[in-house]
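Numbering (full-length UniProt numbering), first residue to last: 1 to 343. Where a beta carbon is used, it is the ideal one built from N, C-alpha and C, also for glycine.
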């Protein structure tokens with residue numbers, strides 16, 4: 001089968017790999033669409049932490065497809081089912097998995113990083129990790145269930161309430177999907193803050209009510225003007241840049257919640273006054289990926305049309321156009337939506 005393989009940092013391309021055969025408890029999925037992500041670029045460049053990648057690897061952790069075959073003992077999934085696939089191949093037996101905290105599994109394995117992922121024609125995957133979805137949802141939209149689950153986990157942890165003012169720092173995939181999630185809780189304002197120009201069409205379709213370009217506006221002044229100087233009830237940091245963290249704490253009101261989901265990476269360190277947390281009575285939530293139960297909730301909401309992610313998709317390219325897809329991700333100068341590949 002055709003697969004995009006990263007042999008080592010800087011050495012990658014499309015190769016012919018053996019088509020996997022589903023074992024007991026597994027299904028074989030023909031990949032219909034796969035998203036590209038900033039973390040994919042880290043694998044290409046060799047900047048992803050060593051504990052979270054194993055070369056050579058087939059990229060792709062955001063994907064959906066159609067079941068082609070099922071292994072022995074599989075009863076709940078059938079050939080022809082269209083499915084979204086969880087990214088984490090959690091063990092189900094460690095203390096974290098038994099608590100439902102599957103994102104913290106002691107035996108980390110993830111498609112596209114340590115296991116062959118969706119930049120290929122077929123993937124064999126454990127049957128309990130695939131989730132059928134309704135005919136009204138496209139394969140391209142279903143491929144976004146993985147990043148939508150990441151965003152949803154952070155939103156659920158934010159304790160947002162109707163009438164709140166929400167600030168999202170970072171206009172990338174997670175930030176925009178978080179906006180879509182926040183709309184389900186009926187906040188008064190959803191303010192998207194970033195350093196790039198904004199393509200207002202899809203951004204506002206996904207729920208943002210106010211856009212702030214930090215190159216032209218002062219985010220503090222905007223938030224204060226909309227909240228009578230109190231600050232935001234919830235600040236959701238999804239920028240993945242160290243400078244976004246102090247801004248998040250600054251924009252939050254007293255008694256507010258700061259959600260940190262944008263991992264800066266590298267050896268970045270930040271000096272923060274610990275009294276800030278106490279004097280402002282802040283709640284800080286650190287978010288890593290999502291749990292299996294959150295993924296189940298996400299695909300259900302997407303299937304029913306409650307959670308709309310389609311406006312985020314701006315380009316769909318064949319797998320052979322991977323170089324163009326990576327260029328778009330690296331060089332974008334404005335909010336450009338999500339690029340998908342079709343193997």
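{"Asked": "Local conformation of residue 334 per DSSP, three classes", "Found": "With a pLDDT of only 49 at residue 334, under 50, the local geometry of the prediction cannot be trusted, and the value read off the model is given with reservation. DSSP places residue 334 in strand when its eight states are reduced to three."}
{"Asked": "Completely contained beta strand (DSSP E) runs for the stretch 210-236, where each covers 3 or more residues", "Found": "210-213"}
{"Asked": "Whole-angstrom distance between residue 98 and residue 144, CA atom to CA atom", "Found": "27 angstroms"}
{"Asked": "Span of the alpha helix (DSSP H), counted from its first residue to its last, around residue 175", "Found": "173-183"}
{"Asked": "Collapsed DSSP secondary structure at residue 344 in the structure displayed", "Found": "Residue 344 is absent from the model: the chain starts at 1 and stops at 343."}
{"Asked": "Beta-carbon spacing of residue 184, residue 306 below 8 angstroms", "Found": "yes"}
{"Asked": "Residue from 269, 228, 218, 254 whose Cα sits closest to the Cα of residue 243", "Found": "269"}
{"Asked": "Exposure of residue 120, with buried meaning 16 or more beta-carbon neighbours within 10 Å", "Found": "buried"}
{"Asked": "Residues near residue 271 in its chain [Cβ-Cβ closer than 8 angstroms; skip 5 each side]", "Found": "none"}
{"Asked": "Status (buried if at least 16 other CB within 10 Å, exposed otherwise) for residue 288", "Found": "exposed"}
{"Asked": "Contact under 8 angstroms by Cβ, residue 223 with residue 232", "Found": "yes"}
{"Asked": "Residues bridged to residue 357 [DSSP beta-bridge criterion]", "Found": "With the chain represented from 1 up to 343, any question about residue 357 goes unanswered, as that position is not in the structure."}
{"Asked": "Three-pair Cβ contact test at 8 angstroms for the stretch 104-122 versus the stretch 326-333", "Found": "no"}
{"Asked": "For residue 111, three-class secondary structure by DSSP", "Found": "strand"}
{"Asked": "Within 8 angstroms, strictly: CB atoms of residue 234 and residue 160", "Found": "yes"}
{"Asked": "Beta-carbon spacing of residue 146, residue 62 below 8 angstroms", "Found": "yes"}
{"Asked": "Spatially closest choice to residue 189 from 209, 320, 2, 148, by CA coordinates", "Found": "209"}
{"Asked": "Through-space distance from residue 5 to residue 11, alpha-carbon basis", "Found": "9 angstroms"}
{"Asked": "Selected residue, minimal CA-CA separation from residue 85, among 96, 55, 123, 52", "Found": "123"}
{"Asked": "In DSSP terms, what residue 311 is bridged to", "Found": "DSSP, once it has assigned bridges, lists no residue as partnering residue 311."}
{"Asked": "According to DSSP, residues forming a beta bridge with residue 132", "Found": "83"}
{"Asked": "Extent of the continuous beta strand (DSSP E) run through residue 30", "Found": "26-35"}
{"Asked": "Selection from 129, 291, 52, 44 that minimises the alpha carbon distance to residue 64", "Found": "129"}
{"Asked": "Residue from 80, 16, 319, 104 with nearest C-alpha to residue 90", "Found": "104"}
{"Asked": "Proximity below 8 angstroms, CB of residue 239 to CB of residue 282", "Found": "no"}
{"Asked": "Closest Cα partner of residue 250 within the set 68, 218, 24", "Found": "218"}
{"Asked": "For residue 339, the residue or residues it bridges with in DSSP", "Found": "315"}
{"Asked": "Residue 41 versus residue 263 - alpha carbon distance", "Found": "14 angstroms"}
{"Asked": "Cβ neighbour criterion (16 or more within 10 Å) applied to residue 106", "Found": "exposed"}
{"Asked": "Residue(s) in a DSSP beta bridge with residue 285", "Found": "259"}
{"Asked": "Sheet register partners of residue 268 (DSSP bridge)", "Found": "Residue 268 pairs with nothing; no bridge assigned."}
{"Asked": "C-beta atoms of residue 26 and residue 127 nearer than 8 angstroms", "Found": "yes"}
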